[in-house]
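Okay, so here's the structure we're looking at.
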Amino acid sequence: MSVTRRQFIATAGAGLLLPACAVPTGSTPARVLRASVSRQQLVPPEYPQTEVWTYDSRVPGPLLRARQGDLLRVVLANALPQATTVHWHGIRLPNAMDGVPHLTQKPVAPGGEFLYAFVLPDAGTYWYHPHERSHEQVARGLYGALIVDEAQPPEVDRDETWVLSDWRLDKGATEVADYDSNRFDLTHGGRIGNTVTVNGRFTPVGGEFAVRSGERIRLRLINAATARIFRLKFDGHSPQVIALDGHPVAPHAMGAGVALGPGMRADLMLDCMGKPGERFVVADTFYPRELRVMELVYRDEAPLRGKPSAAPLTLPPNPLSEPDPARAQRQDIRFEGGAMGGLREAEFEGRRLGIQQLVREHGIAWTVNGVARREHDHRPMLTLKLGSHQLWTLHNDTAWHHPIHIHGIAFRILSRNGKPAPLREWADTALLAPRERVEIAFVADNPGDWMFHCHVLAHQQGGMMASVRIQ
Ligand SMILES: [Cu+2]
16 MSVTRRQFIA
26 TAGAGLLLPA
36 CAVPTGSTPA
46 RVLRASVSRQ
56 QLVPPEYPQT
66 EVWTYDSRVP
76 GPLLRARQGD
86 LLRVVLANAL
96 PQATTVHWHG
106 IRLPNAMDGV
116 PHLTQKPVAP
126 GGEFLYAFVL
136 PDAGTYWYHP
146 HERSHEQVAR
156 GLYGALIVDE
166 AQPPEVDRDE
176 TWVLSDWRLD
186 KGATEVADYD
196 SNRFDLTHGG
206 RIGNTVTVNG
216 RFTPVGGEFA
226 VRSGERIRLR
236 LINAATARIF
246 RLKFDGHSPQ
256 VIALDGHPVA
266 PHAMGAGVAL
276 GPGMRADLML
286 DCMGKPGERF
296 VVADTFYPRE
306 LRVMELVYRD
316 EAPLRGKPSA
326 APLTLPPNPL
336 SEPDPARAQR
346 QDIRFEGGAM
356 GGLREAEFEG
366 RRLGIQQLVR
376 EHGIAWTVNG
386 VARREHDHRP
396 MLTLKLGSHQ
406 LWTLHNDTAW
416 HHPIHIHGIA
426 FRILSRNGKP
436 APLREWADTA
446 LLAPRERVEI
456 AFVADNPGDW
466 MFHCHVLAHQ
476 QGGMMASVRI
486 Q
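Adding 15 to a residue's 1-based position in the sequence shown gives its number in the numbering used here.
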């Protein structure tokens, strides 16, 4: 599908709407991203293909790639049976490009189009997905990677991306469409599936990733699942973590692994120092039962080098404003609800209702600061002064994990349960363990109304969302 003349004109014009500070240093050609229903062989060939919802007819959607400072231009063409949008997870973009229906734009109706055009201020690993009925649309396969290259990327032999996802398939390999009816998912850990894929392929049986002895791979992990948390362990290898949620961190050994909640990313440097012919399992260790996710298979080729590459691992920092906790405005944000959470009642659409009734009649089970909000309820929970420094304490008063995501900004993770976070990493999504308390800090430097929600999408749909106004 080609971009029409009208779209090109719209694209050219969109540049004028960008704030003066975001002057692009280059641009990518405008491209169309077509959302449609398709079929894909997710599971081994003895099973049928699965009906999936896709960008450009595949799961994951096309890997979009640009350089830091570029203007990205993408026309969403909606050929789905539902309205949709595209949200650019983690990108600090102008509010009108954020892809939240009824907050930053109108939903794009079936047959409609929408032009997204924005400058990419930060290098790193990001992703895109819908924000309309995302608990269904993401589960059905609508997501893809967005990679923003540094002006001078670190020296590696290969740059690879693993989009991790999770499906709930029946015996005929059909997605079980219980998105709105499953009260267990709503009140527990979300819609955890039974079929893990890497880049749209079932890998726990027979999934192989071929490597060459001696090579250094930059491996970008993206958790695109709607509920499943991944913590990968690489047998026989010691990857270095070089970025989290797109932003550089002090390179450090992965150790027991990085827990990636839905929406989160990690960039690893993997020095492949096995011998030709060797095989090593990559397993997920987050849940009590380990799950094989992939196997590294060393090709029968002469080693590329005899010892690990000596090229530097450190990435250049992104241009983020450093929050000053000493002069920050403090907020306490409490997340409540769910099974074994002890929440009795909550405010919902202006009324106080008992939690049983909320679950039964409204599909609502979670609150943020005592209020449960439905998908399109965007009355702001907080209004922040543009340029103010913020220090938020996120209280997970529930028995479940919640990856808490805020749009439009990146924050530093300062502490967990009162203990300083050793990395003070930048993030756009903070994974909160049950009963955990996490302090984050940021500068409210991006004006607009931004969503703030749990990225377990059944939780978001079940009330764990809010919006925050920066003005
Ligand atoms: Cu949650």
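Backbone N, C-alpha and C fix where the C-beta goes; we use that ideal spot for every residue, glycine too.
- For residue 360, the uninterrupted beta strand (DSSP E) run begins and ends at 360-363, by DSSP.
- With fewer than 16 other beta carbons inside 10 angstroms of its own, residue 220 counts as exposed.
- Relative to ligand 1, residue 252 has its C-beta separated by 7 Å or more from all heavy atoms.
- Distances from the CB of residue 471 to the heavy atoms of ligand 1 include at least one below 7 Å.
- A distance criterion of 7 Å places the beta-carbon of residue 479 in contact range of ligand 1, judged by its closest non-hydrogen atom.
- Under the 10 Å beta carbon count, residue 401 is surrounded by fewer than 16 other beta carbons and is classified as exposed.
- As DSSP reads the structure, residue 101 sits in no beta bridge.
- Excluding its 5 nearest sequence neighbours in each direction, residue 183 has C-beta neighbours in its own chain below 7 Å: 190, 191, 206, 208, 209, listed in chain order.
- Of all C-beta pairs linking the stretch 89-98 to the stretch 114-124, three or more are shorter than 8 Å, placing the two stretches in contact.
- Excluding residues up to 5 positions away in sequence, 242, 415, 416, 471 lie with their Cβ nearer than 8 Å to the Cβ of residue 204 in the same chain.
- Residue 238 is positioned such that its CB atom lies closer than 8 Å to that of residue 275.
- Residue 399 has its alpha-carbon roughly 26 Å from the corresponding atom of residue 367.
- Counting C-beta atoms within 10 angstroms of its own C-beta, residue 133 has 16 or more neighbours from the protein chains shown and is therefore classed as buried.
- DSSP places residue 345 in the uninterrupted beta strand (DSSP E) bounded by 344-352.
- Here residue 149 carries a helix assignment [DSSP, helix/strand/coil].
- A contact between stretches requires three or more CB pairs, one per stretch, nearer than 8 Å, and the stretch 74-81 meets this requirement with the stretch 151-164.
- The beta-carbon separation of residue 349 and residue 410, rounded to 5 Å, stays under the 8 Å limit for a contact.
- Checking the DSSP bridge columns, you'll see residue 295 partnered with 311.
- The residue from 194, 88, 53 with its alpha-carbon nearest to that of residue 72 is 53.
- In the DSSP annotation of this structure, residue 475 is not part of any beta strand (DSSP E); the continuous alpha helix (DSSP H) holding it starts and ends at 472-476.
- Taking every protein chain shown into account, the CB of residue 253 has fewer than 16 other CB atoms within 10 angstroms, so this residue is exposed.
- For residue 301, the three-state secondary structure derived from DSSP is coil.
- For residue 370, the three-state secondary structure derived from DSSP is helix.
- Taking C-beta separations shorter than 6 Å and ignoring five residues to either side along the sequence, the partners of residue 397 in its chain run 483, following chain order.
- Pairing residue 255 with residue 281, the inter-Cα distance amounts to about 10 Å.
- Measuring C-alpha to C-alpha distances from residue 292 to each of 312, 222, 106 identifies 312 as the nearest.
- Measuring C-alpha to C-alpha distances from residue 288 to each of 212, 118, 227, 485 identifies 227 as the nearest.
- Between ligand 1 and residue 420, a heavy atom-to-CB distance of less than 7 Å is absent.
- Exclusion of the five residues before and after residue 413 leaves 350, 351, 352, 353, 356, 449 as the residues of its chain whose Cβ lies within less than 7 Å of its Cβ.
- At a Cβ-Cβ threshold of 8 Å, residue 444 and residue 269 do not count as neighbours.
- DSSP places residue 201 in the helix class (H, G or I) of the three-state scheme.
- When DSSP assignments are scanned along the stretch 199-272, no uninterrupted stretch of alpha helix (DSSP H) that is 4 or more residues long falls wholly within it.
- According to the DSSP assignment, residue 385 belongs to no beta strand (DSSP E), since it is labelled neither H nor E.
- The shortest CA-to-CA distance from residue 302 to any of 245, 326, 380, 264 is the one to 245.
- Assignment of beta-bridge partners to residue 134 by DSSP yields 86.
- Taken through DSSP and simplified to helix, strand or coil, residue 281 comes out as strand.
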